[in-house]
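Chemist:
Chains as they are written, first to last, in the working numbering: chain C, 4 to 108; chain H, 4 to 108.
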């Protein structure tokens, strides 16, 4: 659901991706990585949705925590497998959240 | 699909939302707004996906073009209708893209 993030500034990793026809093991790995990410220092929340395109936005305290997560050894294996097997293409964007606002009924 | 954006820096509007049970007119308005957004000065691209959560990320040249799009009169009507009718909740985050990288087979 919508991530409950603190007041800006904080950071986001916008991961946009298209998966290949070989999806064996993908859901399992994605779930594992979401759990592992949520245990990292500096993790603030995550939002994800997929139709033809998959979009996962994870939120982080600072660039240092994003760097550490990218270098996490289990995550590094998942990234390699992603390139080898699961992703047809992806684009990763590192962003600084400057402002936010919300609405709820 | 994955938006073909220029080299950073540029800006993103991350719009995360949950729609209500009343979805009449929603798809039509969403399509209309995507088309209208793409015609605005400073628009760079858009990515969208929906499961339980909807995530739409639009990319913009600068904060000024985001401000103008928010204030666009047709978009303002759509925003009001969204709050009245379609959205249960949403969160909008304005972000500066600082870095990006991509992968393609």
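Glycine included, every Cβ here is placed at the ideal spot set by N, Cα and C.
#1: Under the assumption that residue 59 of chain H contacts residue 49 of chain H (Cβ atoms under 8 Å), give the Cβ distance between them as a whole number of angstroms.
#2: Excluding sequence positions up to five away, which residues of its chain have a Cβ less than 6 Å from the Cβ of residue 88 of chain H?
#3: Who are the neighbours of residue 48 of chain C on chain H, taking C-beta pairs under 7 Å?
#4: Grab me the residues of residue 11 of chain C's own chain with a C-beta within less than 7 Å of its C-beta, minus the 5 sequence neighbours each way, in chain order.
#5: For the beta strand (DSSP E) containing residue 47 of chain C, list its first residue and its last residue.
#6: For a quick check, are the C-beta atoms of residue 62 of chain H and residue 98 of chain H less than 7 Å apart?
#7: Shortest alpha-carbon distance to residue 19 of chain H belongs to which of C/28, C/38, C/53?
#8: According to the Cβ coordinates, are residue 79 of chain H and residue 36 of chain H closer than 7 Å?
#9: To the nearest whole angstrom, what separates the beta carbons of residue 47 of chain C and residue 4 of chain H, a pair I think is in contact under 8 Å?
#10: Following the continuous beta strand (DSSP E) through residue 95 of chain C, name the residue where it begins and the one where it ends.
#11: I want to verify the contact list: residues of chain C whose CB lies under 8 Å from the CB of residue 36 of chain H, in sequence order.
#12: Per DSSP, what kind of secondary structure is residue 34 of chain H in: helix, strand or coil?
#13: Using a Cβ-Cβ distance cut-off of 7 Å, determine whether residue 16 of chain H contacts chain C.
#14: Determine the chain H residues that contact residue 57 of chain C at a beta-carbon separation under 7 Å, and present them in chain order.
#15: Is there at least one Cβ from chain C nearer than 7 Å to residue 103 of chain H's Cβ?
#16: Just list the alpha helix (DSSP H) runs in the region 51-88 of chain H, keeping only unbroken ones of 4 residues or longer that don't cross its boundaries, in chain order.
#17: Taking C-beta pairs closer than 9 Å, name the residues in chain H that residue 76 of chain C reaches, listed in chain order.
Modeler: Result, derived from the coordinates:
#1: Here residue 59 of chain H refers to the residue found at position 56 of the second chain. Here residue 49 of chain H refers to the residue found at position 46 of the second chain. Their Cβ separation, rounded to whole angstroms, is 7 Å, which keeps residue 59 of chain H and residue 49 of chain H in contact under 8 Å.
#2: Mapped onto the second chain, residue 88 of chain H falls at position 85. Excluding sequence neighbours, residue 88 of chain H sits near 25.
#3: Start at 1 with the first residue of the first chain, and residue 48 of chain C comes out as number 45. Per Cβ cutoff of 7 Å: no residues; residue 48 of chain C is ~10 Å from chain H at best.
#4: Position 8 of the first chain, counted from the first residue, corresponds to residue 11 of chain C. Excluding sequence neighbours, residue 11 of chain C sits near 100, 101, 102, 103.
#5: Reading the first chain from its first residue, position 44 is the one you call residue 47 of chain C. Taken as a continuous stretch (DSSP letters only), the beta strand (DSSP E) holding residue 47 of chain C covers 46-53.
#6: Position 59 of the second chain, counted from the start, is the residue given in the question as residue 62 of chain H. Position 95 of the second chain, counted from the start, is the residue given in the question as residue 98 of chain H. Not a contact, by the Cβ cut-off of 7 Å.
#7: The sequence position of residue 19 of chain H within the second chain is 16, counting from 1. Residue C/53 is the option with its Cα nearest to residue 19 of chain H.
#8: To locate residue 79 of chain H, count along the second chain from 1; it is residue 76. To locate residue 36 of chain H, count along the second chain from 1; it is residue 33. Not closer than 7 Å, so no.
#9: The residue given as residue 47 of chain C occupies position 44 in the first chain. The residue given as residue 4 of chain H occupies position 1 in the second chain. Not confirmed; about 28 Å, so no contact.
#10: One-based indexing of the first chain puts residue 95 of chain C at position 92. 90-107 is the extent of the beta strand (DSSP E) around residue 95 of chain C.
#11: In the second chain, residue 36 of chain H corresponds to position 33, counting from 1. Residues of chain C passing the Cβ test: none, with the nearest at roughly 16 Å.
#12: Taking the first residue of the second chain as 1, we reach residue 34 of chain H at position 31. The answer is helix: DSSP assigns residue 34 of chain H an H, G or I state.
#13: The residue given as residue 16 of chain H occupies position 13 in the second chain. No, its Cβ sits nowhere closer than 7 Å to a Cβ of chain C.
#14: Reading the first chain from its first residue, position 54 is the one you call residue 57 of chain C. 52, listed in chain order.
#15: Start at 1 with the first residue of the second chain, and residue 103 of chain H comes out as number 100. Judged by the 7 Å Cβ criterion, residue 103 of chain H is in contact with chain C.
#16: 66-74, 76-84
#17: Residue 76 of chain C sits at position 73 when you count from the first residue of the first chain. The premise fails here: residue 76 of chain C is roughly 20 Å from chain H at the closest Cβ pair, so nothing lies under 9 Å.
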